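A.B. asks: Let me give you the structure first, and then I'll get to my questions.
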Amino acid sequence: MNSNTLWLIGRRLGAAIVTLLIVSMVVFAITAVLPGDAAQQSLGQFATPEQVAALRVKMGLDQPGVLRYLHWLTSLLSGDLGVSVSNAVPVTELMAGRVPSTLMLAAATALVSVPLALILGIGSAMGRGGRIDGFMSFFTLMMVAVPEFLVATLAVLIFAVNLGWLSALSYSSEITSPLQFMRTYALPVMTLCCVIVAQMARMTRAAVIDQLDSPYVEMARLKGVSPVRVVLRHALPNAIGPIANAIALSLSYLLGGVVIVETIFNYPGIASLMVDAVTNRDMALVQACTMLFCTAYLTLVLIADLCAILSNPRLRNQ
Amino acid sequence: MSDNKNGIKDQLITGTESLRVFEGLNRGMSRRHALQMLGLAGVAAAGAGSLFGAAGKLLADQQATPGKGKPGGRIRVAGISSSTADTLDPAKGSSSTDYVRHYMFYNGLTRFDSHMVPQLELAERIDTSDATLWVITLRKEVTFHNGKGLTAADVVFSLLRHKDPITGSKVLPLAEQFAEVKANGTHEVQIRLSGPNAELPSILAISHLLIVPEGTSDFSQGIGTGPFKVKEFKPGVRSIGARNTNYWKPGLPYLDEIEFIGIGDEPSRVNALLSGDVQIINEVNPRSTTRIKDSTTHRVVDSPSGNYTDLIIRQDQMPGQSPEFTEAMKLLLDREQVKSAIFRGFARVGNDHPIAPGARFYNADLPQRTYDPEKARFLLKKAGMESISMPVMCSPAATGSVDVAVLLQQSAKEAGLKLNVNRLPSDGYWSNHWAKHPLSFGNINPRPNADMLFSQFFQSTAPWNESGWKNEQFDQLLIQARGETDEAKRGKMYADMQTLVHEHSGIGIPVFISNIDGVDQRVKGYGTNPLGGFMGYMFAEQVWLDA
Chain A
15 MNSNTLWLIG
25 RRLGAAIVTL
35 LIVSMVVFAI
45 TAVLPGDAAQ
55 QSLGQFATPE
65 QVAALRVKMG
75 LDQPGVLRYL
85 HWLTSLLSGD
95 LGVSVSNAVP
105 VTELMAGRVP
115 STLMLAAATA
125 LVSVPLALIL
135 GIGSAMGRGG
145 RIDGFMSFFT
155 LMMVAVPEFL
165 VATLAVLIFA
175 VNLGWLSALS
185 YSSEITSPLQ
195 FMRTYALPVM
205 TLCCVIVAQM
215 ARMTRAAVID
225 QLDSPYVEMA
235 RLKGVSPVRV
245 VLRHALPNAI
255 GPIANAIALS
265 LSYLLGGVVI
275 VETIFNYPGI
285 ASLMVDAVTN
295 RDMALVQACT
305 MLFCTAYLTL
315 VLIADLCAIL
325 SNPRLRNQ
Chain B
1387 MSDNKNGIKD
1397 QLITGTESLR
1407 VFEGLNRGMS
1417 RRHALQMLGL
1427 AGVAAAGAGS
1437 LFGAAGKLLA
1447 DQQATPGKGK
1457 PGGRIRVAGI
1467 SSSTADTLDP
1477 AKGSSSTDYV
1487 RHYMFYNGLT
1497 RFDSHMVPQL
1507 ELAERIDTSD
1517 ATLWVITLRK
1527 EVTFHNGKGL
1537 TAADVVFSLL
1547 RHKDPITGSK
1557 VLPLAEQFAE
1567 VKANGTHEVQ
1577 IRLSGPNAEL
1587 PSILAISHLL
1597 IVPEGTSDFS
1607 QGIGTGPFKV
1617 KEFKPGVRSI
1627 GARNTNYWKP
1637 GLPYLDEIEF
1647 IGIGDEPSRV
1657 NALLSGDVQI
1667 INEVNPRSTT
1677 RIKDSTTHRV
1687 VDSPSGNYTD
1697 LIIRQDQMPG
1707 QSPEFTEAMK
1717 LLLDREQVKS
1727 AIFRGFARVG
1737 NDHPIAPGAR
1747 FYNADLPQRT
1757 YDPEKARFLL
1767 KKAGMESISM
1777 PVMCSPAATG
1787 SVDVAVLLQQ
1797 SAKEAGLKLN
1807 VNRLPSDGYW
1817 SNHWAKHPLS
1827 FGNINPRPNA
1837 DMLFSQFFQS
1847 TAPWNESGWK
1857 NEQFDQLLIQ
1867 ARGETDEAKR
1877 GKMYADMQTL
1887 VHEHSGIGIP
1897 VFISNIDGVD
1907 QRVKGYGTNP
1917 LGGFMGYMFA
1927 EQVWLDA
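Just so you know, the protein sequences line up as chains A and B, in that order. The numbering of the first sequence is the numbering used here, which starts it at 15 and goes up by one. The numbering of the second sequence is the numbering used here, which starts it at 1387 and goes up by one.
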């Protein structure tokens, strides 16, 4: 790694901090203009105005928004994410219960989907225009088009209700054997794979085809290099940049965007935590979740860019 | 039960007896018979200053031994929601899932039986002569989960904390009538109300007024006197209750453990039931009932309730200020169609007043208002509004209101009135739209008694007087009824109030919506309660597993 790469990382980190700051301000502003606040939400439909006022004072909601934001920011800088207003539990404690579940689901899905997507993408690029490619395109496009709640509900109906092979609900805390792990995770992982494999496979196919059309590949082919070697040894290393980016985007979705899957399988992950936080107008929790998603996203994109740079000798040795 | 020998006229039902009453009701005694018993007893005892004096005695004599379930077993139950706002603080309970948890871990001074008649629970007896000053004797040798004995101080704390706005209690307005609550010795509590209220025993049965140990500030441990102890409580994830082996009701609860989770998505909830992952679910959509009925190992439990979705016609602004318009709107509600098309028969037709058919004090003599577009057209013409156009606000937040609004739009067309259905999102509906437009929809959950329904939603000064209806005669009757300890006279007053609401208020109640639960056939002892699904949220100590 040379100074150029280090400079890039440094610049990205600086930009990331600015991005996080802006995002936190925007999220704060948007949550503030939503109708109702944490006090009203907590007291519900039948609260009296006096009660709401008293609870607002208790929750510190009577202070101006800017002050509350600055207060939140200063405590964040000292490492304190604040306390959830809806149940007076520290935000870190709430997140600590959910982050491992989310990471577990994301890791299991990534382990299955990334190799699968690469094989599908490279396979259809190699057989471009052929029957396999046609079938693959049809299949992946269909998967992109079908909403995940439909995939999930159908999968539950077939595998859990009718056949009774798998569990309709997923609990991250009750796993003692590998078989149980499979039973629990099979359906959510399958549903998520349907969503992200298609996207990654399409991107991989496009990136590899792009390389296969270039003169150096044609040269290699004319030299008599076998098709498999052409793809794996010559084209693929040059396609790593775009593929890594596609994978990073899909994985960032796994960390924060799987609300539907979490809801259907009753899986206690971070996405449903954020939805709760917004419904309860729980500012500290909303901010913490947003910061987490944003950081994860920026990190993944940074890693993808690094992959692109390191896989490209021209950029690497500049 | 030796204390019964003192004569029944100054006695209330004791906890054990109320249990027997309950068991008796569940085991095939005809409802009508049981109701007669309780009703007659109430009337007879009222003059002597107590409420349900003889009922327990009469039933106890007939039912020698209470029905016994099988001990042991573990079930998993799924409610409709779970979020980080889940709480074990009874005062803050806001949804059916909170109530279920609270009844698992705590007891109240009284408890509703399956007809919403309050029976004694932690209270051994309740006495009053004027419905203002009440003396409650507590049952002895009841202990909290942490081993501390139940005393009067705990009750005083549990009742008075609602008056402090900082508690964030959902029932602060209700608690304001507790002018003074004090302990007379270790097991006697004296409550002085700000005015007479003969319905105090049924108020004390609601989940918010369950009894917690004195001085509790952290409720996450769920220390109560209830049938289950908290084994795990993770807001938004799950709660596990383990059998309280020291429970004061001998032989109860039956189950060893209950795991309680929330599945927000209805099809997923039904799927979880059918796949055997959970054994009990609530709030089944009427459309899903056929799926459950088709399964040989599950059944649908249909429990009529007092829950209603109502059309709100504001009386303090046009066009609702015109009584003809208001009546025309009520006539345009096609109740039978709402019942069959929207709720698939899982509802009972309403008569534009908030007391559900079959409930205590229901006025059966009041003629049923029926769908009559011709008369509505005539009334609209009389009011000079035959061709006006009005928006009507509805939202998924008020169960079924969007469908009811669309039906209403169709019927209104027949009467020449043009309604525009404005479908609003659930988020923020209650604070921004509910009862804030000339025409909107609301949804009211069952209340424990007629007095609460009337005083919260129909009294002229009530903060949630949905239609802004003011009626002096109604207000006077309401106050009088509260101080009337004669059950029959009170019933007459409530009947008159229902008539007034039916005829003059700006509320149209097409149907009362039933609760539909889905239950595994192996779960036994599962009944219904008009208060809500999950046997009025109180299934935990009553069901057993017959595997």
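Glycine residues also receive a C-beta, built at the ideal position from the N, C-alpha and C atoms. Predicted model only: the values in this text are computed from it and were never measured.
Counting only the same chain and skipping the five closest in sequence on each side, list residues whose C-beta sits under 7 angstroms from that of A30 (chain A).
C.D. replies: Excluding residues within five positions, the ones whose Cβ falls inside 7 angstroms are L312.
A.B. asks: Beta-carbon separation of P1672 (chain B) and R1730 (chain B) under 8 angstroms?
C.D. replies: It is a contact, given that the beta carbons lie within the stated cut-off.
A.B. asks: In chain order, which alpha helix (DSSP H) runs of at least 4 residues are fully inside the stretch 48 to 118 of chain A?
C.D. replies: Counting whole runs of 4 or more residues, the stretch 48 to 118 of chain A contains the alpha helix (DSSP H) stretches 52 to 57, 63 to 73, 79 to 91.
A.B. asks: How many angstroms separate the CA atom of M1415 (chain B) from the CA atom of S1691 (chain B)?
C.D. replies: Residue confidence for M1415 (chain B) is low, a pLDDT of 37 falling below 50, so the modelled location carries little weight and cannot support an answer.
A.B. asks: Pick helix, strand or coil for S1817 (chain B), following the three-state DSSP scheme.
C.D. replies: It is helical.
A.B. asks: Determine the DSSP secondary structure at Y311 (chain A), reduced to helix, strand or coil.
C.D. replies: DSSP places Y311 (chain A) in helix when its eight states are reduced to three.
A.B. asks: So the beta strand (DSSP E) K1767 (chain B) belongs to, where does it begin and stop?
C.D. replies: Note, K1767 (chain B): premise wrong, no beta strand (DSSP E); alpha helix (DSSP H) at 1759 to 1768.
A.B. asks: In three-state terms, what does DSSP make of Y1748 (chain B)?
C.D. replies: Note: Y1748 (chain B) maps to coil in three-state DSSP.
A.B. asks: Taking the alpha-carbon positions, what's the Q1795 (chain B) to S1708 (chain B) distance?
C.D. replies: The alpha-carbon atoms of Q1795 (chain B) and S1708 (chain B) are separated by roughly 20 angstroms.
A.B. asks: Less than 8 angstroms between CB atoms is the rule here; does A68 (chain A) satisfy it with respect to chain B?
C.D. replies: At least one chain B Cβ lies under 8 angstroms of A68 (chain A).
A.B. asks: Could you check where the beta strand (DSSP E) with E1889 (chain B) kicks off and where it finishes?
C.D. replies: Element bounds for E1889 (chain B): not the beta strand (DSSP E) but the alpha helix (DSSP H), 1873 to 1890.
A.B. asks: With 16 other CB atoms within 10 Å as the buried threshold, where does F1498 (chain B) fall?
C.D. replies: Per the 10 Å Cβ criterion, buried.
A.B. asks: Do you know offhand how far G50 (chain A)'s Cα is from P63 (chain A)'s?
C.D. replies: Taking the straight line from one Cα to the other gives about 12 angstroms.
A.B. asks: Around the Cβ of D1550 (chain B), are there at least 16 other Cβ atoms within 10 angstroms (buried) or fewer (exposed)?
C.D. replies: Exposed.
A.B. asks: My guess is that Q1505 (chain B) and T1496 (chain B) are in contact by the Cβ rule of under 8 angstroms, so how many angstroms apart are they, rounded?
C.D. replies: Contact flag correct, Cβ pair sits at about 6 angstroms.
A.B. asks: Taking only runs of the alpha helix (DSSP H) that begin and end inside the stretch 1500 to 1526 of chain B, which ones reach a length of at least 4 residues, in chain order?
C.D. replies: Correct list: empty.
A.B. asks: If I follow the unbroken alpha helix (DSSP H) through I1774 (chain B), where does it start and stop?
C.D. replies: No alpha helix (DSSP H) holds I1774 (chain B); DSSP gives it neither H nor E.
A.B. asks: Is G28 (chain A) buried or exposed, if buried means 16 or more other CB atoms sit within 10 Å of its CB?
C.D. replies: Looking at its Cβ environment, which holds fewer than 16 other Cβ atoms inside 10 Å, G28 (chain A) is exposed.
A.B. asks: Starting from N252 (chain A), follow the beta strand (DSSP E) in both directions and report where the run begins and ends.
C.D. replies: That residue, N252 (chain A), is in no beta strand (DSSP E); its alpha helix (DSSP H) goes 250 to 270.
A.B. asks: Taking the C-alpha atoms as reference points, what is the distance between P1476 (chain B) and L314 (chain A)?
C.D. replies: P1476 (chain B) and L314 (chain A): Cα-Cα distance of roughly 44 angstroms.
A.B. asks: In chain order, what residues of the same chain have a beta carbon less than 7 angstroms from the beta carbon of F1619 (chain B), not counting five sequence neighbours either side?
C.D. replies: Excluding positions up to five away in sequence, the list reads L1474, S1606, G1608, S1625.
A.B. asks: Thinking C-alpha only, which one of A:V41, A:A322, A:Q65, A:N252 is nearest E1562 (chain B)?
C.D. replies: Residue A:Q65 is the option with its Cα nearest to E1562 (chain B).
A.B. asks: With DSSP run on the structure shown, which of helix, strand or coil describes T33 (chain A)?
C.D. replies: It is helical.
A.B. asks: List, in chain order, every chain B residue whose beta-carbon is nearer than 9 angstroms to that of V211 (chain A).
C.D. replies: Neighbours of V211 (chain A) on chain B: none; closest Cβ ~23 angstroms, over 9 angstroms.
A.B. asks: Can the beta-carbon of I1699 (chain B) be found less than 8 angstroms from the beta-carbon of L1793 (chain B)?
C.D. replies: Not a contact, by the Cβ cut-off of 8 angstroms.
A.B. asks: Check whether chain A comes within 8 angstroms of S1853 (chain B), counting only Cβ atoms and requiring the distance to be less than that.
C.D. replies: Output row for S1853 (chain B): interface = no.
A.B. asks: With a threshold of 8 angstroms between beta carbons, is T1682 (chain B) in contact with chain A?
C.D. replies: No, T1682 (chain B) does not count as interfacial toward chain A.
A.B. asks: Entirely within the stretch 1538 to 1599 of chain B and at least 3 residues each: give me those beta strand (DSSP E) ranges in chain order.
C.D. replies: Entirely contained in the stretch 1538 to 1599 of chain B, the beta strand (DSSP E) runs reaching 3 residues are, in chain order, 1564 to 1569, 1574 to 1579.
A.B. asks: Could you please give the first and the last residue of the uninterrupted alpha helix (DSSP H) stretch that includes G1869 (chain B)?
C.D. replies: From DSSP, the alpha helix (DSSP H) with G1869 (chain B) extends over 1858 to 1869.
A.B. asks: Please state if the CB of V1542 (chain B) and the CB of A1569 (chain B) are separated by a distance shorter than 8 angstroms.
C.D. replies: Their beta carbons are under 8 angstroms apart, which means A1569 (chain B) touches V1542 (chain B) by this criterion.
A.B. asks: Counting only Cβ pairs nearer than 7 angstroms, list the residues of chain B close to T167 (chain A).
C.D. replies: Under the 7 angstroms cutoff, chain B gives P1653.
A.B. asks: According to DSSP, is G1601 (chain B) part of a helix, a strand, or is it coil?
C.D. replies: Reduced to three states, the DSSP call for G1601 (chain B) is coil.
A.B. asks: Alpha carbon to alpha carbon, what distance is there between I1647 (chain B) and N176 (chain A)?
C.D. replies: N176 (chain A) and I1647 (chain B): Cα-Cα distance of roughly 23 angstroms.
A.B. asks: Any beta-carbon of chain A closer than 8 angstroms to the one on S1469 (chain B)?
C.D. replies: Yes, its Cβ sits closer than 8 angstroms to a Cβ of chain A.
A.B. asks: Kindly identify the DSSP beta-bridge partner or partners of K1620 (chain B).
C.D. replies: DSSP, once it has assigned bridges, lists B:R1624 as partnering K1620 (chain B).
A.B. asks: In terms of residues, what are the limits of the alpha helix (DSSP H) holding R328 (chain A)?
C.D. replies: Element bounds for R328 (chain A): 327 to 330.
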